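Residue numbers (the working numbering), protein chains in the order written: chain X, 1 to 145; chain R, 146 to 290.
Glycine is no exception: its CB is placed at the ideal position from the N, C-alpha and C atoms.
In this text the structure is predicted, and so the values were computed from the model without any measurement.
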DNA sequence: TCTAAACATAGCTATAAAATATATCTTATC
DNA sequence: GATAAGATATATTTTATAGCTATGTTTAGA
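Structure (structure tokens):
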């Protein structure tokens with residue numbers, strides 16, 4: 001059981017941008033910094049822009065910056081938006097073929113469990129996942145000047 | 146985000162066997178009943194036997210039956226045993242390559258969320274996921290005489 | 001004692017989702 | 001107009017999971 005890298009990368013991009021303030025950052029910079037695929041990041045960035053989390057600027061000297069305050073970016077909401085398929089067991093999928101679903105207690109139980117999972121994420125914002133005391137170390141690890 | 150069919154099938158086998166009491170059931174019967182792969186079920190059954198949840202009998206007229214009371218089979222424990230990889234984000238994996246892990250708040254947050262997820266499952270036993278009132282319907286759906 | 005029916009076990013193959021790559025287009029700066 | 005950036009679509013690769021094949025072992029019963 002795990003979330004996709006897509007969701008993970010989305011969160012990482014936001015963490016990176018939160019360190020940069022108003023300065024424009026390029027996809028290349030973030031890809032280099034985390035040593036991850038630039039191509040995959042392009043999709044991530046595209047969606048973060050569409051969803052309003054970031055603002056992108058095209059053309060030479062372009063890039064992106066946060067478009068929301070870190071304390072306004074809720075992790076639970078973001079994960080629900082980026083995680084493509086949250087059907088934790090087959091019976092929640094639209095392709096469900098399990099015959100006992102109508103009388104099976106597994107479905108409500110896993111529903112409750114997923115709800116508890118997301119409820120934890122709902123408690124946190126982007127600001128919460130970046131502790132002030134670690135900021136200098138974070139900047140160093142990301143090689144941000 | 147989802148659990149594997151392997152875990153799902155494990156639970157379904159136990160539900161099936163719980164309906165049968167002491168009678169021996171074959172893998173073929175269960176595969177036919179749920180209309181799922183017999184071959185995959187063989188692995189599932191093998192592991193359930195190894196873990197002590199069921200008892201298997203080899204040879205002609207063989208089969209399997211529950212080896213624990215339904216109220217003693219905890220879903221949370223079972224899921225931890227059958228779900229191969231519970232590293233919800235890369236930073237929990239032994240192949241983690243994310244540079245900011247030491248100072249990143251995502252790791253403890255997702256840890257807390259996974260814990261909340263499993264805590265819900267820990268509240269339930271096999272008996273809880275099979276409501277008495279649905280038993281006749283369940284037997285019919287599984288085509289158990 | 002032979003055959004068939006069952007589980008045991010290992011290894012292989014197919015599939016589907018996700019990740020990554022490629023290619024081309026659009027936009028903006030210098 | 002060249003270059004550097006994102007926008008977008010499509011193709012390929014990778015990986016985990018699911019499913020398949022094959023053979024071995026055990027037991028019941030003819």
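Open item on the list: I need the DSSP call for residue 45 of chain X, collapsed to helix, strand or coil.
Closed with: helix
Open item on the list: When you compare the CB positions of residue 52 of chain X and residue 24 of chain X, do they come within less than 7 Å of one another, or not?
Closed with: no
Open item on the list: By alpha-carbon positions, which one of X:8, X:136, X:114 ends up nearest to residue 147 of chain R?
Closed with: X:114
Task: Sub-7 Å separation of residue 42 of chain X and residue 27 of chain X beta-carbons - done: yes
Task: Proximity test, Cβ basis, 7 Å: residue 134 of chain X and chain R - done: yes
Task: Where the beta strand (DSSP E) through residue 200 of chain R begins and ends - done: 199–202
- [ ] With distances taken Cα to Cα, identify the nearest neighbour of residue 280 of chain R among X:131, X:132, X:101.
- [x] X:101
Open item on the list: I'd like the span of the alpha helix (DSSP H) that includes residue 109 of chain X, first residue to last.
Closed with: 106–122
Task: Bounding residues of the alpha helix (DSSP H) (the contiguous stretch that carries residue 76 of chain X) - done: 75–82
Task: Distance, residue 254 of chain R Cα to residue 211 of chain R Cα - done: 38 Å
Task: Chain-order list of residues whose beta-carbon lies under 7 Å from that of residue 7 of chain X (same chain, five-residue window excluded) - done: 79, 82, 83
TODO: With residue 211 of chain R as the anchor, note down where its alpha helix (DSSP H) starts and where it stops.
DONE: First-last for residue 211 of chain R: 208–211, but that is the beta strand (DSSP E), not the alpha helix (DSSP H).
Task: Per-residue contacts from residue 254 of chain R into chain X (C-beta, under 9 Å) - done: 75, 120, 121, 123, 124, 128, 129
Open item on the list: Using beta carbons (cut-off 7 Å, strictly below), is residue 94 of chain X in contact with chain R?
Closed with: no
Open item on the list: Output needed for residue 38 of chain X: all residues of its chain with C-beta closer than 7 Å, excluding positions within five of it in sequence on either side, in chain order.
Closed with: 27, 28, 31
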